[in-house]
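In the order they appear, the protein sequences are chains A and B. Just so you know, the working numbering puts 21 at position 21 of the first sequence, and the rest follows in order with no gaps. So the number in the working numbering is just where the residue sits in the second sequence, counting from 1, plus 95. We put the CB at the ideal spot given by N, CA and C, even for glycine.
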Amino acid sequence: MVWRRGRLILSEESRQETTSERTARGRTHGAFRCLNCFERIVPPEKAESYKCPKCGFEWRVSWPSPTIPRIRGPVWETNRRLTDEIMAKEKGQGK
Amino acid sequence: MALNRKIAYIDLSSGKVETKPISMEMRKKYLGGRGLDAYLLYNNTKAGVDPLGPDNVCLVSAGILVGTLASATARTHIAGKSPLTGYFGSTNMGGFFAPEMRWAGFDHLVIRGKAEKPVYLWIHNGEIEIRDAKDIWGKGVRDTQSIIREEMGDREIKVMTIGIAGENLVRYANVMTEIKNSGGRTGMGALLGSKNLKAIAVRGTLDIKIEHPVEALEYNKQIISQITSAKVSQEQGRLGTLFIWGATNSQGLVRTRNFQLNQMEDSDGIEPETFEDSAFGMTGCFGCQVHCRAKYIIPDGDYKGTYDEGPEYTSIGAFAAEPGCTDLTTILTGNHLVNDYGMDTLEIGSMIAWAMELYEKGILTDKDTDGLDLSFGNEKAVIEMIHRIAHREGLGDILAEGPLRAAEKIGKDSIRYQVHVKGMSNLHSDERPTPALALGIATASRGSDHLRSRPAIDLYHLPEAVLRQIYSQPVAYEGPLTSDYTDYEGKSWQVFWQEMCYMAVDCLGICKYHTIFLGPNFPNFEEWSKLLYYNTGLELTPLEIWTIAERTNDLERMFNLREGLARSDDWLVDAYFDEPTKLGIPLIRDRVIDRDKFKQMIDEFYAFHGWDEQGKLKPETLKRLGLDKEPSHLL
Chain A
1 MVWRRGRLIL SEESRQETTS ERTARGRTHG AFRCLNCFER IVPPEKAESY KCPKCGFEWR
61 VSWPSPTIPR IRGPVWETNR RLTDEIMAKE KGQGK
Chain B
96 MALNRKIAYI DLSSGKVETK PISMEMRKKY LGGRGLDAYL LYNNTKAGVD PLGPDNVCLV
156 SAGILVGTLA SATARTHIAG KSPLTGYFGS TNMGGFFAPE MRWAGFDHLV IRGKAEKPVY
216 LWIHNGEIEI RDAKDIWGKG VRDTQSIIRE EMGDREIKVM TIGIAGENLV RYANVMTEIK
276 NSGGRTGMGA LLGSKNLKAI AVRGTLDIKI EHPVEALEYN KQIISQITSA KVSQEQGRLG
336 TLFIWGATNS QGLVRTRNFQ LNQMEDSDGI EPETFEDSAF GMTGCFGCQV HCRAKYIIPD
396 GDYKGTYDEG PEYTSIGAFA AEPGCTDLTT ILTGNHLVND YGMDTLEIGS MIAWAMELYE
456 KGILTDKDTD GLDLSFGNEK AVIEMIHRIA HREGLGDILA EGPLRAAEKI GKDSIRYQVH
516 VKGMSNLHSD ERPTPALALG IATASRGSDH LRSRPAIDLY HLPEAVLRQI YSQPVAYEGP
576 LTSDYTDYEG KSWQVFWQEM CYMAVDCLGI CKYHTIFLGP NFPNFEEWSK LLYYNTGLEL
636 TPLEIWTIAE RTNDLERMFN LREGLARSDD WLVDAYFDEP TKLGIPLIRD RVIDRDKFKQ
696 MIDEFYAFHG WDEQGKLKPE TLKRLGLDKE PSHLL
């Protein structure tokens with residue numbers, strides 16, 4: 001982007017999209033990323049918990065607004081069990 | 096115009112006040128706020144100055160966009176040599192003080208000397224008066240503000256003040272304004288206390304002329320829309336900064352029981368959503384639409400029925416995760432007490448948790464604690480220790496000295512359990528799985544710090560293409576970038592970039608939540624260039640703003656080097672390298688920072704800065720940034 005002194009308001013350049021405006025177009029609503037595998041998850045409306053279809057980790061969900069789900073916390077028992085299994089497997093493989 | 100505000104030199108020893116204009120040349124070099132403060136601190140102190148002595152200066156400033164039509168421009172910056180670390184002391188708070196100071200005619204205050212008896216400053220439309228503070232000395236943060244407003248008969252007066260902790264020179268005392276806006280970290284409250292300066296009250300009715308008001312309003316509408324439509328803003332507007340807890344604790348990125356564990360398991364009772372039951376709405380700072388500050392009433396306990404605001408994300412760490420407590424009331428009460436005493440939440444939580452681990456290990460005994468059971472999870476002990484530290488009673492007197500001095504006094508290997516950088520405690524985050532975040536806290540200019548260079552969006556697993564768009568402007572970058580937050584590749588550039596970004600907002604006076612901190616597509620250099628022009632008429636390209644940030648960062652570095660900082664100070668405590676994480680998701684478990692890779696990251700970080708292997712500015716860097724003639728005494 002070229003910035004010309006004294007012509008900022010009138011110049012075409014000033015009306016070009018900025019980087020942050022450009023990246024903002026990629027925003028998604030109604031979804032969050034699984035904190036284990038980073039898969040983008042779309043839980044059903046008002047769901048209180050949801051299992052990641054890719055990795056099986058389960059998250060308790062809250063809704064700051066009707067279109068914005070967020071991870072409130074893990075379903076402890078499920079995620080602990082899965083983590084222990086994965087860690088044991090990795091240990092067995094010498095990782 | 097917005098740039099005609101002055102700088103005032105106030106000598107509390109002699110009572111002399113002098114005002115000067117700020118030249119356009121200085122604006123173009125440092126903008127204002129933290130930028131110009133770095134210049135003023137460097138040029139108005141000598142190496143080795145006693146942080147609590149009369150020759151240290153206390154700088155109070157507004158960012159260059161504060162009080163204009165740009166949104167979230169509320170930030171007050173306070174600086175001086177830190178009583179906690181002995182290095183660059185700096186803090187930044189929201190609220191309404193800085194805009195009022197600009198409307199009263201001033202952008203910067205340089206306060207030196209020491210008053211014979213407690214005083215406060217009264218600043219009103221270009222006038223500065225030093226007043227007797229006998230009626231407010233010994234009062235808490237809230238009462239002090241109420242008394243001043245009542246005495247002056249004006250409820251619109253804005254006050255920044257210290258509480259009892261600042262008077263008692265607790266080395267991590269805060270400067271406060273309103274109910275809970277806190278200038279925390281590095282002990283600027285102790286600096287005011289050492290000068291017998293209880294408060295600064297301001298009231299202003301001088302207009303700030305906006306250079307291009309129609310465009311400024313129009314453009315600000317776009318910025319507001321960009322911010323308020325983001326998910327993070329909506330979560331923050333509902334839950335405050337507490338919302339961060341959901342992501343960090345769920346993964347295992349929270350240090351608990353001092354630094355023994357990295358997750359609070361089964362801690363559903365202190366989740367942000369639980370806190371909503373005690374809250375009744377949100378409020379915000381000047382010019383902000385997000386409103387991230389909850390209003391609440393303490394539901395039970397000794398302070399039942401007391402009103403306060405917050406708590407912040409750091410409050411969960413300080414009063415729950417670190418001391419291993421699980422009662423929401425402890426968080427709400429602890430938050431209330433530190434707000435009124437004027438103490439750094441993060442530091443006090445760390446100091447108490449450290450003392451708890453020493454008690455667990457038998458390094459501290461009942462004799463040292465005057466019979467107080469300092470076991471992890473003892474909610475009452477946490478509250479009691481807050482009182483004792485503020486009043487410097489018993490063990491509290493030792494803990495009030497901060498990590499290094501307290502460890503020296505206690506001895507017996509106690510330093511081994513401290514979690515600090517440059518003598519300032521770490522946030523309650525666990526950076527062992529996240530090298531980028533670890534590098535940020537190791538190298539920040541004011542000691543361990545999550546607000547100076549943390550690439551928090553590194554945790555979002557953003558696609559590499561998005562990262563490249565963000566991190567390749569306004570300076571081209573073609574090196575590696577990766578979505579994997581456990582990786583070391585390319586992270587030093589991200590930390591460097593964020594350091595410039597945060598410095599720029601601190602010079603402009605914009606809140607960090609309105610740039611790329613938690614929101615990956617929030618305004619940054621390109622937007623600021625326009626905001627500056629529309630509001631002040633100052634024409635600076637995004638790259639020129641970046642260069643100002645670089646200059647100011649390097650001047651802070653020069654201050655620290657002058658005070659004896661060495662490469663070895665840009666480092667983490669041994670536990671980061673030697674003790675693997677025990678909890679959390681698989682990606683987080685069994686993680687330590689790799690020493691060799693970390694050294695390499697620091698080398699890269701220094702190289703981006705134009706510093707040599709020892710972290711000193713190379714001659715060509717000094718010249719490029721126009722710092723080769725410091726001290727300059729232009730102001």
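So which residues of chain C does B/E594 contact, with C-beta pairs closer than 9 Å?
Looking for chain C here will not work: the only protein chains present are A and B.
Please report how far the alpha carbon of A/A88 lies from the alpha carbon of A/T78, in whole angstroms.
A/A88 and A/T78: Cα-Cα distance of roughly 15 Å.
Which first and last residues belong to the beta strand (DSSP E) in which B/H203 is found?
F201 to R207
Note down the Cα distance separating B/P213 from B/G233, rounded to an integer number of angstroms.
Their backbone Cα atoms lie some 10 Å apart in a straight line.
Using the DSSP secondary-structure output, state which residues sit across from B/W217 in a beta bridge.
B/E224 and B/A296
List the residues of chain B whose Cβ lies closer than 8 Å to the Cβ of A/A47, in chain order.
Under the 8 Å cutoff, chain B gives no residues; its nearest Cβ is about 14 Å from A/A47.
Please check if any C-beta of chain B sits within less than 8 Å of the C-beta of A/R33.
yes
For chain B, check one thing: does any of its Cβ atoms lie closer than 8 Å to the Cβ of A/K88?
One detail in the question is off: residue 88 of chain A reads as Ala in this sequence, not Lys. No, no contact with chain B.
Please return the same chain residues whose Cβ sits closer than 6 Å to the Cβ of B/D106, not counting the five positions on each side in sequence.
R207 and G208
In the DSSP assignment, find the beta strand (DSSP E) that holds B/C387 and state where it starts and stops.
Element bounds for B/C387: n/a, residue is neither H nor E.
Whole alpha helix (DSSP H) runs in the segment 388-449 of chain B with 4 or more residues, listed along the chain?
You should have 408-411 and 423-436.
Output the distance between the C-alpha atoms of A/R33 and B/F381, rounded to the nearest integer angstrom.
Distance between the alpha carbons of A/R33 and B/F381: 33 Å.
Please report whether the beta-carbon of B/A311 lies at a distance below 8 Å from any beta-carbon of chain A.
no
May I ask which residues mark the beginning and end of the alpha helix (DSSP H) holding B/P530?
P530 to T538
Can you tell me where the alpha helix (DSSP H) holding B/L334 begins and where it ends?
K326 to L334
Residues of the segment 338-350 of chain B in Cβ contact with chain A at a cutoff of 8 Å, in chain order, please.
F338, G341, A342, N344, S345 and Q346
Specify, as a first and last residue, the run of the alpha helix (DSSP H) that A/R22 falls within.
Per DSSP, A/R22 is one residue of the alpha helix (DSSP H) stretching across T19 to A24.
Of all the residues that make up the segment 299-327 of chain B, which are near chain A by a beta-carbon distance shorter than 9 Å?
H307, E310, Q317, Q321, S324, A325 and K326
Does B/S470 pass the burial test, meaning 16 or more other C-beta atoms within 10 Å, or should it be called exposed?
exposed
Give the DSSP-derived three-state secondary structure of B/K115 in the structure shown.
B/K115 falls in the strand class under three-state DSSP.
So which residues of chain A does B/H556 contact, with C-beta pairs closer than 8 Å?
R33 and F38
Please state whether the Cβ-Cβ distance between B/G405 and B/K275 is less than 8 Å.
yes
Kindly say whether B/E78, judged by its beta-carbon, lies nearer than 8 Å to any beta-carbon of chain A.
Chain B is shown from 96 up to 730; residue 78 of chain B falls before or after that span and cannot be answered.
Measuring alpha carbon to alpha carbon, tell me which residue in B/A133, B/I322, B/R122 and B/Y314 is nearest B/K625.
B/Y314
Does DSSP put B/N263 in a helix, in a strand, or in coil?
coil
What does the alpha-carbon distance come out to for the pair B/N291 and B/G457?
39 Å
Kindly say whether A/S11, judged by its beta-carbon, lies nearer than 8 Å to any beta-carbon of chain B.
For A/S11, the predicted model reports a pLDDT of 47, less than 50, meaning its position is unreliable; a value from the coordinates is still stated below. No, its Cβ sits nowhere closer than 8 Å to a Cβ of chain B.
So, with DSSP's three-state summary, where would you put B/M359?
coil
Might you give, ordered along the chain, the residues of its own chain that have their beta carbon closer than 6 Å to the beta carbon of B/L427, omitting 5 neighbours on each side?
I393
Across the segment 557-564 of chain B and the segment 497-513 of chain B, are there enough close Cβ pairs to call them in contact, namely three or more that are closer than 8 Å?
no
Answer with yes or no whether the minimum CB distance from A/P53 to chain B is below 8 Å.
no
Are any of the Cβ atoms in chain B nearer than 8 Å to that of A/E58?
no
Report the rounded CA-to-CA distance for B/I102 versus B/R197, giving the unit in angstroms.
10 Å
Give a yes or no on whether the minimum CB-CB distance between A/G26 and chain B is below 8 Å.
yes
So who's on the other strand from B/G175, going by DSSP bridges?
B/G184
Could you check which residue in B/I365, B/L126 and B/L264 has the C-alpha nearest to that of B/E341?
Note that residue 341 of chain B corresponds to Gly in the displayed sequence, not to Glu. Of the listed residues, the one whose Cα sits closest to B/G341 is B/I365.
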